[in-house]
């Protein structure tokens, strides 16, 4: 078993495996992760062929492990544990204080043995929405957006906002923001943060304006944000799945009431 840096030559194998798992991820997300924190993107090679993958992204004080994938024919050989141990070792050496991830109920045991603890659940919601227009050069990461996002997650996550695709819209109020983007699998809301239920509702209302080009819309929401769940139900969204939100290391300054959607479908928080 050999571990090497995950590079672009491994993307096709990863994306095929991710699709087989039903993951909502695409080439753009992998390109972002490889560029943002290459030291946290590893591939396990068996006989020179990719057998497992892990990706991580580093923020100011924290990091997010987004994609631990072992191809079916290579499972039960310790590949996933080895990849996790290596990426966690690198993050520890870098001075990272807190590491986040989302886990399925089946995968949570491995993460607990590596020191992760559950802090919340994340619900995936499915609805419908219109096609986003180009951003047109508008600045997303303002001081207000940075403050609100940090109030939810307890860290500066500027990297996420600098990597937003051109085909996204950012809606803002005096106390909130919502990003609507187009992914390979449909539309996505996130990141979405707000300091009041009224602000969050106004943002959602703006983002759901019907422009005649409907498509499936997904977002991942902390279960502890009860207001977010009630708001989405009122707009016809339904829960499509649940994962565990876990962390390792220093207990984060986590405030779910300010987080109405994660920035990704599990890949980077």
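Numbering (this note's numbering), first residue to last: 59 to 327.
In this text, a Cβ means the ideal position worked out from N, Cα and C, and glycines have one as well.
What you are looking at is a predicted structure, and each value in this text was computed from that prediction instead of being measured.
Residue 140 places its beta carbon 8 Å or farther from that of residue 104.
Annotation: the continuous alpha helix (DSSP H) that includes residue 290 extends over 284–292. Contact check between the segment 199–214 and the segment 111–131: three or more CB pairs, one atom from each, fall below 8 Å, which counts as touching. Annotation for residue 145: the continuous alpha helix (DSSP H) segment containing it runs 137–151. The alpha carbon of residue 130 has as its nearest neighbour, out of 78, 325 and 154, the alpha carbon of 78.
Between the segment 72–89 and the segment 309–318 there are fewer than three inter-stretch CB-CB distances shorter than 8 Å, so the stretches are not counted as touching. Counting along the chain, residue 97 sits inside no beta strand (DSSP E), nor does DSSP assign it H or E at all. Around the beta carbon of residue 154, a 10 Å sphere encloses 16 or more other beta carbons of the protein chains shown; the residue is thus reported as buried.
For residue 69, the enclosing alpha helix (DSSP H) covers residues 69–78. DSSP places residue 278 within a strand segment (E or B) once states are collapsed to three. For the pair residue 126 and residue 312, the Cα-to-Cα distance works out to about 23 Å. Beta-bridge partners assigned by DSSP to residue 252: 234. Taking each of 138, 86 and 112 in turn and checking the Cα distance to residue 224, the smallest one comes out for 86. The C-beta separation of residue 181 from residue 300 comes to about 5 Å, placing the pair in contact by the 8 Å criterion. Around the beta-carbon of residue 175, fewer than 16 other beta-carbon atoms lie within 10 Å, marking it exposed.
Per DSSP, the unbroken beta strand (DSSP E) holding residue 304 starts and ends at 296–307.
Residue environment for residue 227: buried (at least 16 other C-beta atoms within 10 angstroms of its C-beta). For residue 220, the enclosing alpha helix (DSSP H) begins and ends at 216–220.
The beta-bridge partner set that DSSP reports for residue 176 consists of 304.
Residue 186 sits in a strand when the DSSP states are folded into three classes. If you draw a straight line from the Cα of residue 310 to the Cα of residue 284, it comes to about 20 Å.
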